[in-house]
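Just so we're aligned, residue 1 is where the sequence shown starts under UniProt numbering, counting upward by one.
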Amino acid sequence: MKSKNENKRVSAPKGGQKGGKFSMNNGPFFEAESKKRRKTEYEDDDIESGDSEEEAEILGGFDASGGVEEDEDDVETPGEIRKRVATELLDKMRAIARKEKEDEDEDWEEGEEARDSVVAKILQQEQLEESGRARRVLASRLKKPETTDGFKVLVKHQQSVTAVALSDDDLKGFSASKDGTILQWDVESGKSAKYQWPSEDILKSHGAKDPRGRVKKHSRNVLALAVSSDGRYLASGGLDRHVHLWDIRTREHLQAFPGHQKPVSCLSFRQGTADLFSGSFDRTVKYWNMEDRAYIDTIYGHESEVLTLDCLRKERVLTVGRDRCMMLFKVLDQSRLVFRPPPSSLECCCFVNNDEFLSGSDDGSIELWSIGRKKPVYIVKNAHALLPACQNVEQKGSEKIPNIRLAENGDHKIESYSSSSTYSWVSSITVCRGSDLAASGAGNGCIQLWAIESGRKDIQPLYGIPLVGFVNSLAFANSGQFLIAGVGQEPRLGRWGRHPTARNGVAIQSLKLL
1 MKSKNENKRV SAPKGGQKGG KFSMNNGPFF EAESKKRRKT EYEDDDIESG DSEEEAEILG
61 GFDASGGVEE DEDDVETPGE IRKRVATELL DKMRAIARKE KEDEDEDWEE GEEARDSVVA
121 KILQQEQLEE SGRARRVLAS RLKKPETTDG FKVLVKHQQS VTAVALSDDD LKGFSASKDG
181 TILQWDVESG KSAKYQWPSE DILKSHGAKD PRGRVKKHSR NVLALAVSSD GRYLASGGLD
241 RHVHLWDIRT REHLQAFPGH QKPVSCLSFR QGTADLFSGS FDRTVKYWNM EDRAYIDTIY
301 GHESEVLTLD CLRKERVLTV GRDRCMMLFK VLDQSRLVFR PPPSSLECCC FVNNDEFLSG
361 SDDGSIELWS IGRKKPVYIV KNAHALLPAC QNVEQKGSEK IPNIRLAENG DHKIESYSSS
421 STYSWVSSIT VCRGSDLAAS GAGNGCIQLW AIESGRKDIQ PLYGIPLVGF VNSLAFANSG
481 QFLIAGVGQE PRLGRWGRHP TARNGVAIQS LKLL
């Protein structure tokens, strides 16, 4: 009789062959074969587990999961992808540099090293401009015409235009109005195409939620637009409290993002990314990623409605609210800087660079801010003064461009002006990206161009361009060659003023640089 301990020593491991002797080589830890092959081998000793040469040739093109193996030579490594993208970018920049040299009637046959040095300078300059460490000088190069025909109406809307936006290549434009219409148009020809809102069922399948409270149906009133840097996505927001995502190539509705409790008043994509910031009357700013269709975070701080926001490449967002405060949120640090203007309510804001920004207020003033000070470093008072003669102004082709003279204290020397009217509120302000050229709009019948001098920390007026109506939105071309304005008979966020003679639509003004 064998003891129990002896039986345990001679017993084969579970799952092993019957009658076989125990060996450490047969343990699962030391076996290199797969469990599937081992199971087949143990169940029937007469079936060989190895594959024949013909089977190996047939199955050689398939991996273990049943898929076709990709040839290692055909798969690009991350390094090869980076090299290919860099080569394509260099070829593109060389073509641009060659075209510029040909336009200047210069000899381009200078050798590969000379051409690459030109390309390197272009790339370096672009990187400095995008990072905010270099600024293009456009204001001093801007040629002032003697007479002007005013803005040319490019696209017409039935109701007041609330937002305009341009693609990074300056070829496509987008506009929205109070009637819920979103148009995409060509800058050169003005040919437009309308974005079609999907049905209620499709909206719900895309993430839209049922309205609550007093709103009984989805309102199509659009208040804000934003275009991604790669030209793929268009974001819109309005009274229905949703952020809507559109495909620019097909003009189809992709997704509806709920989350805001009140109307969405402003939108802005972070440069070079698919990150989107949205501001709302619910006093919050939400952070989204449109590539992943994901909500990231909610930013709190304002005590009243958020009216306008702007952002550059860094994860910082500049906001203005009805609480008479402008805030700079540093998203990564989860901190904020609060800027309080003189007794007035701010209406709009925009970045000049990472350390400077502009704002417009309801008393007709424009403020220049620095990140190192909580109060404006320079104030232009009565920037859009309302003249008695301008209350019923009409656009005329032979009208001379008004030139506003600035006094030492920043007040405009204009007789019989009035800045207390709704028509003189600075409703929109914008800066040509990476430059010293800015523009502001109101309802006084004139859009004003400005030169921002960072060294002297001041703002100098250039000239005004006649345009009848409330200028609710402005956008410069990245090249600085034209300015887009969204104009209407009523202000963007209300009906506290009206221009009966104004035309609802998008106006364009070409700018000539020396």
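Backbone N, C-alpha and C fix where the C-beta goes; we use that ideal spot for every residue, glycine too.
Secondary structure of residue i, DSSP reduced to three states
| i | result |
| --- | --- |
| residue 458 | strand |
| residue 509 | strand |
| residue 290 | coil |
| residue 91 | helix |
| residue 168 | coil |
| residue 390 | Per-residue confidence for residue 390 stands at a pLDDT of 44, beneath the threshold of 50, marking its modelled position as unreliable; the derived number appears in the next sentence. Helix, per DSSP. |
| residue 124 | helix |
| residue 98 | helix |
| residue 474 | strand |
| residue 267 | strand |
| residue 490 | coil |
| residue 138 | coil |
| residue 297 | strand |
| residue 201 | helix |
| residue 464 | strand |
| residue 308 | strand |
| residue 251 | coil |
| residue 498 | coil |
| residue 336 | strand |
Nearest-angstrom Cα separation, counted from residue j out to residue i
| i | j | result |
| --- | --- | --- |
| residue 238 | residue 219 | 8 Å |
| residue 196 | residue 252 | 7 Å |
| residue 478 | residue 437 | 11 Å |
| residue 386 | residue 348 | 19 Å |
| residue 232 | residue 275 | 13 Å |
| residue 299 | residue 98 | 47 Å |
| residue 496 | residue 488 | 13 Å |
| residue 234 | residue 375 | 35 Å |
| residue 361 | residue 424 | 10 Å |
| residue 95 | residue 84 | 17 Å |
| residue 180 | residue 380 | 35 Å |
| residue 342 | residue 121 | 43 Å |
| residue 267 | residue 190 | 24 Å |
| residue 87 | residue 177 | 43 Å |
| residue 439 | residue 270 | 21 Å |
| residue 428 | residue 91 | 39 Å |
| residue 498 | residue 325 | 27 Å |
| residue 244 | residue 236 | 5 Å |
| residue 355 | residue 337 | 12 Å |
| residue 117 | residue 82 | 21 Å |
| residue 451 | residue 169 | 24 Å |
| residue 321 | residue 304 | 6 Å |
| residue 159 | residue 432 | 27 Å |
| residue 272 | residue 250 | 21 Å |
| residue 333 | residue 502 | 45 Å |
Same chain only: Cβ atoms within 8 Å of residue i, ignoring 5 sequence neighbours per side
| i | result |
| --- | --- |
| residue 206 | 198, 253, 254, 255, 256 |
| residue 519 | Absent from the structure is residue 519, since the part of the chain shown begins at 1 and ends at 514. |
| residue 457 | 368, 370, 377, 378 |
Test item: CB-CB of residue i and residue j under 8 Å
| i | j | result |
| --- | --- | --- |
| residue 328 | residue 316 | yes |
| residue 442 | residue 426 | yes |
| residue 449 | residue 480 | no |
| residue 459 | residue 318 | no |
| residue 365 | residue 344 | yes |
| residue 153 | residue 507 | yes |
| residue 445 | residue 466 | yes |
| residue 472 | residue 500 | no |
| residue 203 | residue 194 | no |
| residue 187 | residue 175 | no |
| residue 144 | residue 462 | yes |
| residue 123 | residue 93 | yes |
| residue 283 | residue 260 | no |
| residue 482 | residue 509 | yes |
Assumed close pair residue i, residue j - CB separation to whole angstroms, cut-off 8 Å
| i | j | result |
| --- | --- | --- |
| residue 264 | residue 309 | The Cβ separation is near 11 Å, so there is no contact. |
| residue 474 | residue 430 | 4 Å |
| residue 280 | residue 262 | 5 Å |
| residue 141 | residue 514 | 5 Å |
| residue 165 | residue 208 | In fact, because the Cβ distance is near 22 Å, the residues do not count as touching under 8 Å. |
| residue 163 | residue 486 | 6 Å |
| residue 173 | residue 484 | 6 Å |
Same chain, Cβ closer than 7 Å to residue i, five either side skipped, listed in chain order
| i | result |
| --- | --- |
| residue 357 | 318, 349, 350, 351, 369 |
| residue 150 | 395, 465, 466, 467 |
| residue 192 | 155, 183, 184, 185 |
| residue 167 | 227, 231 |
Chain-order list of residues whose beta-carbon lies under 6 Å from that of residue i (same chain, five-residue window excluded)
| i | result |
| --- | --- |
| residue 421 | 386 |
| residue 247 | 254 |
| residue 505 | 153, 155, 156, 157 |
Beta carbon proximity, residue i to chain B, threshold 8 Å
| i | result |
| --- | --- |
| residue 330 | Looking at the structure shown, chain B is missing, and only one protein chain is on hand. |
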